[in-house]
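Asks: Quick one: this structure, given as structure tokens, is what I'll be asking you about.
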Amino acid sequence: MITHRVATRLAPEPPVRFYRTIAVTFLIVTLLLLGVIIFFTSKKATIVIVAKTDNKNINLDIGVANQKTGDLSIVGIVTTTKFHLSQKYSPTGNKTTDGIATGEVTLFNETNAPQTLVKTTRLLTSAGVLFRLSDRVSIPAKGQVQASVYADQLGASGNISASKFTIPGLAEDKQKVIYASSNKEMSGGVRTIGVLSAEDLKSAKSDFANKVKQTVEESLEDAGSFGQKLIFVPDNNVAVDRQIGEEITEFNLSGTSTVVIVYYNKDDLKSILAKEVSDRVDASTEKVLSVSKEPQVTLGSYDIEKQKGQLSVYQDVLVTLDVNGEKLMVNNFFGKKKDEIERYVFGLGHVVGVDVKFSPGWMRSAPSVAEKVQVVVKNVE
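Put into structure tokens, the structure is as follows:
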């Protein structure tokens with residue numbers, strides 16, 4: 064038996080350099096992928112908006128009658144009552160004019176005989192200011208008496224301080240023993256007189272109307288199911304007993320007024336106001352911060368025969384930019400550059416400033432991932 068050997072040849076092993084090349088290539092690709100991942104995950108945009116608050120003034124004319132007549136109307140009662148009132152007022156405007164200074168003196172008689180001085184007897188100060196007796200006076204011997212005097216001339220010159228007086232009408236030797244003195248200043252040389260002005264009359268009519276309202280309201284029964292009542296006092300029936308420009312100390316307002324009373328439901332009125340506020344506010348950018356406590360309601364017009372009226376309603380609403388508004392959603396800023404974001408934000412209204420920051424700093428546009436864009440609104444007064 065013959066045995067044969069078959070020789071087999073092993074395949075050559077790859078060189079080490081080959082594996083090294085593969086490893087280095089894999090490492091480079093891995094680093095590149097990691098860099099791309101870091102690049103996209105680290106991109107971030109922060110948009111800080113400084114917004115001011117603004118007032119929105121709501122002015123509405125709301126009809127009131129025994130039946131609702133439209134969207135801007137409520138059910139109510141319009142009625143009248145007559146009421147009489149008389150009230151006194153004082154003017155606030157003052158006018159200065161020259162007057163006659165007056166006062167009192169003490170007359171002295173150091174002689175042994177009584178001395179009679181007639182009305183208008185002259186009394187003269189050392190400064191030459193002349194006064195006269197208001198009435199006839201008799202001064203007892205070795206005595207004294209009080210007497211009223213008035214200045215000879217109009218004006219402030221008569222407003223003198225306490226003084227000593229001689230009596231020029233007496234003989235020169237008697238002037239030394241019969242004389243006068245005052246221990247208080249004279250006054251009245253300048254008079255302040257109230258002058259009725261148009262502003263006085265306007266203020267008085269306003270106060271008069273308020274007093275009528277208050278008195279009528281106290282006399283009225285409860286508004287019942289309506290809950291609210293508005294009292295209007297026309298001023299065309301108010302009489303004034305003085306004329307503008309007259310010098311007076313007081314004046315009187317009086318009149319029998321036909322007072323208009325409107326009963327209505329406050330909740331009905333507020334419901335209309337709330338809808339109007341909602342319509343006036345742009346929900347895509349604005350939000351309401353506050354509404355003034357109570358609307359201001361006045362009676363604009365009325366028709367007693369038809370028992371209807373029109374209420375003029377004013378409501379002040381404070382609004383600002385809403386960070387949750389549709390126009391501030393982050394997708395509005397995807398891919399935009401800084402200047403594009405700034406122009407967009409300033410066009411929204413209520414904005415006084417905007418600060419856009421990209422991270423990393425070399426970024427030129429906002430990322431397109433919602434989680435990487437942050438919008439912040441800061442309010443200022």
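Its first residue numbered 64, the sequence shown is counted upward by one per residue in this note's numbering.
All residues carry an ideal CB built from backbone N, CA and C; glycine is no exception.
Give me the residue from Q207, K350, T361 and R305 with the minimum Cα distance to R440.
Replies: The residue labelled residue 440 in the question sits at position 377 within the sequence shown. Just to set this straight, residue 440 is Val in the shown sequence, not Arg. Of Q207, K350, T361 and R305, the residue nearest in Cα terms is K350.
Asks: DSSP three-state call for R305: helix, strand or coil?
Replies: For the purposes of this step, residue 305 is identified with residue 242 of the sequence shown, where counting begins at 1. It is coil, neither helix nor strand.
Asks: Per DSSP, D124 is paired with what?
Replies: Position 61 of the sequence shown, counting from 1, holds the residue named residue 124. According to DSSP, D124 bridges with S375.
Asks: Run through the stretch 114-181 for me and flag every whole beta strand (DSSP E) of 3 or more residues, listed as ranges in chain order.
Replies: 117-128, 136-152, 157-161, 165-172 and 178-180
Asks: In the DSSP assignment, find the alpha helix (DSSP H) that holds V360 and state where it starts and stops.
Replies: As a working note, residue 360 is residue 297 in the sequence shown. Segment Q359 to D366 is the beta strand (DSSP E) holding V360; no alpha helix (DSSP H) there.
Asks: Tell me the residue span of the alpha helix (DSSP H) that contains A243.
Replies: Stepping through the sequence shown from its first residue, residue 243 is reached at position 180. Per DSSP, A243 belongs to no alpha helix (DSSP H); it is in the beta strand (DSSP E), I241 to S244.
Asks: Tell me which residue opens and which closes the alpha helix (DSSP H) that I404 is part of.
Replies: Translated into positions along the sequence shown, residue 404 becomes position 341. Judged by DSSP secondary structure, I404 falls within the alpha helix (DSSP H) whose first and last residues are K401 to F409.
Asks: Using a threshold of 8 Å, state whether the C-beta atoms of S211 and T165 are closer than that.
Replies: Taking the first residue of the sequence shown as position 1, residue 211 is located at position 148. Taking the first residue of the sequence shown as position 1, residue 165 is located at position 102. Yes; because the gap between Cβ atoms is below 8 Å, this pair is in contact.
Asks: Got a sec? Which residues, its chain only, sit under 7 Å from S347 by beta carbon, not counting five neighbours each side?
Replies: Looking up residue 347 in the sequence shown gives position 284. The beta carbon of S347 lies closer than 7 Å to those of G388, E389 and K390 in the same chain, with the five residues before and after it left out.
Asks: By a C-beta neighbour count over all protein chains shown, 10 Å radius and 16 as the cutoff for buried, is L90 buried or exposed?
Replies: The residue given as residue 90 occupies position 27 in the sequence shown. Exposed, by the Cβ-count rule.
Asks: Since V258 contacts G308 with CB under 8 Å, what's their CB separation in whole angstroms?
Replies: To locate residue 258, count along the sequence shown from 1; it is residue 195. To locate residue 308, count along the sequence shown from 1; it is residue 245. 7 Å between Cβ atoms; contact.
Asks: Tell whether a beta-carbon distance below 8 Å holds between L384 and L374.
Replies: As a working note, residue 384 is residue 321 in the sequence shown. As a working note, residue 374 is residue 311 in the sequence shown. No; because the gap between Cβ atoms is not below 8 Å, this pair is not in contact.
Asks: So within the stretch 229-292, which uninterrupted alpha helix (DSSP H) runs reach at least 4 residues, ignoring any that extend past its ends?
Replies: 261-282
Asks: Are G252 and G162 touching if we call contact CB-CB under 8 Å?
Replies: For the purposes of this step, residue 252 is taken as residue 189 along the sequence shown, with counting starting at 1. For the purposes of this step, residue 162 is taken as residue 99 along the sequence shown, with counting starting at 1. Result yes, Cβ atoms of G252 and G162 sit closer than 8 Å.
Asks: Return the Cβ separation of A282 and N300 in integer angstroms, given the expectation that the two are a contact with Cβ distance under 8 Å.
Replies: Along the sequence shown, read from residue 1 onward, the residue named residue 282 stands at position 219. Along the sequence shown, read from residue 1 onward, the residue named residue 300 stands at position 237. The amino acid at residue 282 is misidentified as Ala; the sequence shows Ser. About 18 Å; that fails the 8 Å criterion.
Asks: Once you ignore the five residues that flank T142 on each side, which residues in its own chain have a CB closer than 6 Å to its CB?
Replies: Walking along the sequence shown from the start, residue 142 turns up at place 79. The residues are I324.
Asks: Considering Cα atoms alone, identify which of I112, A243, P423 and K401 is closest to Q178.
Replies: As a first step, residue 178 must be located in the sequence shown, where it is residue number 115. Of the candidates I112, A243, P423 and K401, the one whose C-alpha sits nearest the C-alpha of Q178 is A243.
Asks: Evaluate S136 with the Cβ neighbour count: other Cβ atoms within 10 Å of its Cβ, from every protein chain shown; 16 or more gives buried, anything less gives exposed.
Replies: Here residue 136 is taken as the residue at index 73 of the sequence shown, counted from 1. Buried, by the Cβ-count rule.
Asks: Using CA atoms only, rank isn't needed, just tell me which of D236, K182, A234 and S201 is closest to D215.
Replies: Mapped onto the sequence shown, residue 215 falls at position 152. Checked all of D236, K182, A234 and S201; the closest Cα to D215 is K182.
Asks: Whole angstroms are fine: how far does the CA of L148 sit from the CA of K274?
Replies: Indexing the sequence shown from 1 puts residue 274 at position 211. Indexing the sequence shown from 1 puts residue 148 at position 85. Whole-angstrom Cα-Cα distance: 9 Å.
Asks: Could you tell me how far apart the beta carbons of V382 and K119 are, in whole angstroms, since I believe they sit closer than 8 Å?
Replies: The count along the sequence shown starts at 1 and reaches residue 382 at position 319. The count along the sequence shown starts at 1 and reaches residue 119 at position 56. Between K119 and V382 the Cβ distance is about 6 Å, and since that is below 8 Å, they are a contact.
Asks: For V240, I'd like the list of residues in its chain whose CB is within less than 7 Å of its CB, leaving aside the five on either flank, ordered along the chain.
Replies: Within the sequence shown, residue 240 is the residue found at index 177, counting from 1. Correct list, in chain order: E173 and T174.
Asks: Just checking, does the stretch 120-135 make contact with the stretch 403-415 on the three C-beta pairs under 8 Å criterion?
Replies: no
Asks: So who's on the other strand from T109, going by DSSP bridges?
Replies: For the purposes of this step, residue 109 is identified with residue 46 of the sequence shown, where counting begins at 1. Per DSSP, K420 and Q437.
Asks: Exposed or buried, P358, counting other C-beta atoms within 10 Å across all chains shown (16 or more means buried)?
Replies: Translated into positions along the sequence shown, residue 358 becomes position 295. Buried.
Asks: For K356 and A267, what's the separation of their Cα atoms in angstroms?
Replies: Mapped onto the sequence shown, residue 356 falls at position 293. Mapped onto the sequence shown, residue 267 falls at position 204. Taking the straight line from one Cα to the other gives about 29 Å.
Asks: To which residues of the same chain is V419 closer than 6 Å at the C-beta, ignoring the five residues directly before and after it?
Replies: As a position in the sequence shown, residue 419 is number 356, starting the count at 1. Listed in chain order, the non-local C-beta contacts of V419 below 6 Å within the same chain comprise I110, K401 and I404, local neighbours out to five positions each way being set aside.
Asks: Classify E313 as helix, strand or coil using the three-state DSSP reduction.
Replies: Walking along the sequence shown from the start, residue 313 turns up at place 250. In the structure shown, E313 sits in coil (DSSP, three-state: anything other than H, G, I, E or B).
Asks: Let me confirm a value: D236 is counted as buried when at least 16 other C-beta atoms fall within 10 Å, else exposed. Which label applies?
Replies: As a working mapping, residue 236 is identified with position 173 in the sequence shown. D236 comes out exposed.
Asks: Can you give me the C-alpha to C-alpha distance between F228 and A176, rounded to a whole angstrom?
Replies: As a first step, residue 228 must be located in the sequence shown, where it is residue number 165. As a first step, residue 176 must be located in the sequence shown, where it is residue number 113. If I take the Cα positions, the gap works out to 20 Å.
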